[in-house]
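Line by line, the protein sequences give chains A and B.
Start counting the first sequence at 1; every next residue gets the next number (the numbering used here).
Start counting the second sequence at 286; every next residue gets the next number (the numbering used here).
A virtual CB, placed ideally from N, CA and C, is assigned to each residue, including glycine.
Treat the numbers as computed from the prediction; the structure is a model and nothing was measured.
Please read the structure below before turning to the comments.
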Amino acid sequence: MRLLLRLAAWLSILITVGIVISLLSPALQFFAEVSVVEFLTGTRWAPQFADPTFGVLPLVTATAWTTAIALAVAVPFGLGAAVYLAEYARPRARKILKPILELLAGVPTVVFGFFALSFVAPTVLREWLSVEVGTFSILAAGLVMGVMIIPTVASLSEDAMSAVPSALRQGSAALGANRMQTSLRVVFPAALSGIVAAVVLGISRAIGETMIVAIAAGARPQMVTDPTMEGATMTGFIARMALGDARVGSLEYNTLFAVGLLLFVLTLVVNAISIQLVRRFRQEY
Amino acid sequence: MALHTPAVATRQARLATGKRSKERTPTSILFLALLWFSLFVAFATLVALIVTTIAQGADRLDARLLTEYPSSRPEEAGARPAILGSLWVIGTTAVLAIPLGVAAAVHLEEFADRRHWFNRFIELNIQNLSAIPSIIYGMLAIGTLALIGVGNKNIVIGGALALALLILPVIIISTREALRAVPRELRHGSLALGATEVQTTWRITLPSAVPGIATGTILALSRALGEAAPLLLLGALVFISFDPNGLLSGFTTMPIQIYGWTSAPQAGFHELAAATSILLVGILLVMNALAIVIRNRYQRRW
Chain A
1 MRLLLRLAAW
11 LSILITVGIV
21 ISLLSPALQF
31 FAEVSVVEFL
41 TGTRWAPQFA
51 DPTFGVLPLV
61 TATAWTTAIA
71 LAVAVPFGLG
81 AAVYLAEYAR
91 PRARKILKPI
101 LELLAGVPTV
111 VFGFFALSFV
121 APTVLREWLS
131 VEVGTFSILA
141 AGLVMGVMII
151 PTVASLSEDA
161 MSAVPSALRQ
171 GSAALGANRM
181 QTSLRVVFPA
191 ALSGIVAAVV
201 LGISRAIGET
211 MIVAIAAGAR
221 PQMVTDPTME
231 GATMTGFIAR
241 MALGDARVGS
251 LEYNTLFAVG
261 LLLFVLTLVV
271 NAISIQLVRR
281 FRQEY
Chain B
286 MALHTPAVAT
296 RQARLATGKR
306 SKERTPTSIL
316 FLALLWFSLF
326 VAFATLVALI
336 VTTIAQGADR
346 LDARLLTEYP
356 SSRPEEAGAR
366 PAILGSLWVI
376 GTTAVLAIPL
386 GVAAAVHLEE
396 FADRRHWFNR
406 FIELNIQNLS
416 AIPSIIYGML
426 AIGTLALIGV
436 GNKNIVIGGA
446 LALALLILPV
456 IIISTREALR
466 AVPRELRHGS
476 LALGATEVQT
486 TWRITLPSAV
496 PGIATGTILA
506 LSRALGEAAP
516 LLLLGALVFI
526 SFDPNGLLSG
536 FTTMPIQIYG
546 WTSAPQAGFH
556 ELAAATSILL
566 VGILLVMNAL
576 AIVIRNRYQR
586 RW
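Put into structure tokens, the structure is as follows:
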């Protein structure tokens, strides 16, 4: 009985090992044919052309842009929502507002993608704001992705702020600070480690998000210099490539895993940074 | 409990100082307006998303959607295989992920020595797994299928494998929280009456934690139901004109079908995508509501 339970817990290690092996072995075959330097510094991504080139930077720039736009939406609005819920909202308002935010988090990402394609790009951006975007754009995908991440940032940072002891707030109020000053100068710094963790989780979700960019960001891999362009992100490329029928072991198939490995390493690095930052800013009460 | 929320504490502290006017300075009013605006952005988007999807899809949300197979003509097409495929995949996912996740959580929470480096390593690893992009799990699944020599990757069990591994960390983490909420005294009482540790876990701790486990599991499954990225890698975007009928059957699912129709050029397919989205979001809403009801009604406060 206990042995079975232990095996179940060990399975999680096996999953990690499985991920590493299943990414690494095709990726190594890929790097036997394409040099790592060419892969990481090349600015032209054309793996399916007769004269293929494998510079991954176009995919990386697209991912960087969508992530940056998503964060520009999710961090201010997510933190704003968190401060309101933790410091201002009465218990009853909180009880209604939190489940609605959770609802937003529960919408499938394909539905968000469809929303970006059918409403945000043509109506909000082109008609209302007269931004020159095509059917597909980094901007529309990034904005919708940002709204998708608001609940993640909001709920984790709200937890962190609620965990700050009330004595700190009372002390601040006793010294004559109003609620805004207390929130910004006492609660926010005290909850910083949790807030940083929330933002970093938001970043790794933005990097890994697939369906929104696959639907709304476009498919043309190009160096993205302007958010109204279309572009293929790392995840967008994997999704599109997966639709084709790449034979196991072919260079096309291995390309998929090389990009997957890069994605995996990126999220691992982001996570490691998060763990370090959380340790650094942690306050014990 | 409600009396001690930070908002209430601040209000009490503020009342005690007898000054209210500080809260009315222009900057703090502007600040509050910005906070309201943050919530407004989130809620307005949610409303816009629901309204535009219903506006586009309501006309096609009819019996044909449930009974017809995909077709190259939008007016004749339906999502029947995708709906059945989702049921098959999610059912199989539940069968795979729930026992494993609960077992792992019970081990880590009830039996494992938490100071041992290996168990700490497992914990860190589970945290990391939960932050890995979902599409990577699709790559793990095709890697595993290739390893055991299965040539055809578009099979129900392959999709379920990807989704089960994806939600396993979520189930483990929420089950552990549910187990942690069961007070120690219950376990001690059982042990004092002569029950073994395994008996205590099986008959006392686990049953007390069932509402919490159920809530976490339903939320995890609803995430799997809405997930599309890993299944794309398993070739789930295929034209299926039969009812999936077993673990080795070919499949597509609702999110994948929505993606497929979204990429089609004709407007008729976009209506179908919207109609299927309404259905999918409806199912997810019911699952979420169920989780909240279980949490509120059955969860005991000790």
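Residue i (DSSP reduced to helix, strand or coil)
i: A505 of chain B; result: helix
i: T235 of chain A; result: helix
i: F403 of chain B; result: helix
i: A191 of chain A; result: coil
i: A46 of chain A; result: strand
i: T135 of chain A; result: coil
i: F119 of chain A; result: helix
i: F264 of chain A; result: helix
i: T352 of chain B; result: helix
i: A287 of chain B; result: Because the pLDDT at A287 of chain B is just 44, under 50, the model does not fix this residue reliably, and the value given afterwards should be weighed accordingly. Note: A287 of chain B maps to helix in three-state DSSP.
i: F536 of chain B; result: coil
i: F527 of chain B; result: coil
i: T66 of chain A; result: helix
i: T228 of chain A; result: coil
i: T460 of chain B; result: helix
i: T547 of chain B; result: helix
i: T337 of chain B; result: helix
i: T41 of chain A; result: helix
i: T330 of chain B; result: helix
Residues near residue i by beta carbon distance below 6 Å, same chain, minus five either side
i: A389 of chain B; result: I457
i: L288 of chain B; result: The predicted model places L288 of chain B with a pLDDT of 47, which falls under 50 and marks its position as unreliable; any figure quoted below should be read in that light. Nothing meets the Cβ criterion.
Nearest to residue i (by Cα), restricted to the options the options
i: L506 of chain B; options: B:L569, B:M539, B:L517; result: B:L569
i: V523 of chain B; options: B:I417, B:S356, B:L350; result: B:S356
i: R309 of chain B; options: A:Q181, A:L201, A:S204; result: A:Q181
i: G244 of chain A; options: A:L268, A:F188, A:P47; result: A:P47
i: S130 of chain A; options: A:S12, A:L263, A:V83, A:T228; result: A:T228
i: V17 of chain A; options: B:Y422, B:L350, B:G386; result: B:Y422
i: A367 of chain B; options: B:Y544, B:A576, B:R580; result: B:Y544
i: E87 of chain A; options: A:P165, A:E209, A:A246; result: A:P165
i: T135 of chain A; options: A:G113, A:M148, A:M145, A:T152; result: A:G113
i: R205 of chain A; options: A:M148, A:S183, A:V187, A:R279; result: A:M148
i: L425 of chain B; options: B:A416, B:E408, B:G444; result: B:G444
Interface partners of residue i on chain B, CB under 7 Å
i: V110 of chain A; result: A513, P540, I543, Y544
i: I215 of chain A; result: Y544, T547
Residue i versus residue j - alpha carbon distance
i: G78 of chain A; j: S475 of chain B; result: 45 Å
i: R232 of chain A; j: L59 of chain A; result: Note that residue 232 of chain A is Ala in the sequence shown, not Arg. Cα to Cα, A232 of chain A sits roughly 6 Å from L59 of chain A.
i: N404 of chain B; j: P108 of chain A; result: 34 Å
i: A72 of chain A; j: A198 of chain A; result: 14 Å
i: A27 of chain A; j: E360 of chain B; result: 44 Å
i: L331 of chain B; j: A509 of chain B; result: 21 Å
i: A348 of chain B; j: L565 of chain B; result: 15 Å
i: M286 of chain B; j: K95 of chain A; result: Caution applies to M286 of chain B, whose pLDDT of 40 falls short of 50 and renders its modelled position unreliable; the model cannot decide the point.
i: R185 of chain A; j: A327 of chain B; result: 25 Å
i: L14 of chain A; j: V144 of chain A; result: 35 Å
i: T485 of chain B; j: H473 of chain B; result: 9 Å
i: G436 of chain B; j: L430 of chain B; result: 7 Å
i: A272 of chain A; j: S157 of chain A; result: 19 Å
Contact list for residue i against chain A, beta-carbon separation under 7 Å
i: L350 of chain B; result: Residues of chain A passing the Cβ test: none, with the nearest at roughly 16 Å.
i: P437 of chain B; result: Correcting the residue type first, residue 437 of chain B is Asn in the shown sequence and not Pro. Near N437 of chain B there are no residues of chain A at all, since even the closest Cβ is about 12 Å away, more than 7 Å.
Own chain residues within Cβ distance below 7 Å of residue i, not counting five before or after
i: L40 of chain A; result: V56
i: G260 of chain A; result: L23, I238
i: G80 of chain A; result: none
i: I339 of chain B; result: I563
Listed by chain order, chain A residues near residue i by CB distance under 9 Å
i: I407 of chain B; result: A9, W10, S12, I13
i: H555 of chain B; result: F114, L117, S118
Residue i Cβ short of 7 Å to the ligand SAH heavy atom set
i: R508 of chain B; result: The ligand SAH is not part of this structure, which contains no ligands at all.
Per-residue contacts from residue i into chain B (C-beta, under 8 Å)
i: S193 of chain A; result: Here the premise fails: no neighbours, minimum Cβ distance about 15 Å.
i: P76 of chain A; result: S323
i: P99 of chain A; result: I577
i: V133 of chain A; result: Per Cβ cutoff of 8 Å: no residues; V133 of chain A is ~17 Å from chain B at best.
i: G16 of chain A; result: Correcting the residue type first, residue 16 of chain A is Thr in the shown sequence and not Gly. The contacting residues are N410, N413, L414.
Beta-carbon neighbours of residue i, restricted to chain A and to distances below 8 Å
i: G389 of chain B; result: Going by the sequence as given, residue 389 of chain B is Ala instead of Gly. Simply L5, A8, A9, L11, S12.
i: H473 of chain B; result: Here the premise fails: no neighbours, minimum Cβ distance about 20 Å.
i: L478 of chain B; result: Here the premise fails: no neighbours, minimum Cβ distance about 20 Å.
Chain D contact residues for residue i, given Cβ-Cβ distances below 8 Å
i: M1 of chain A; result: Among the chains of the structure shown, chain D does not appear; the protein chains present are A and B.
Cutoff 8 Å; reference residue i; Cβ partners in own chain excluding five residues on either side
i: D398 of chain B; result: N404
i: E252 of chain A; result: P47, Q48, M241, G244, A246
i: P529 of chain B; result: P366, L369, G370, W373, V441, G535, F536
Per-residue contacts from residue i into chain B (C-beta, under 9 Å)
i: G208 of chain A; result: A416, I417, P418, S419, I420, I421, A514
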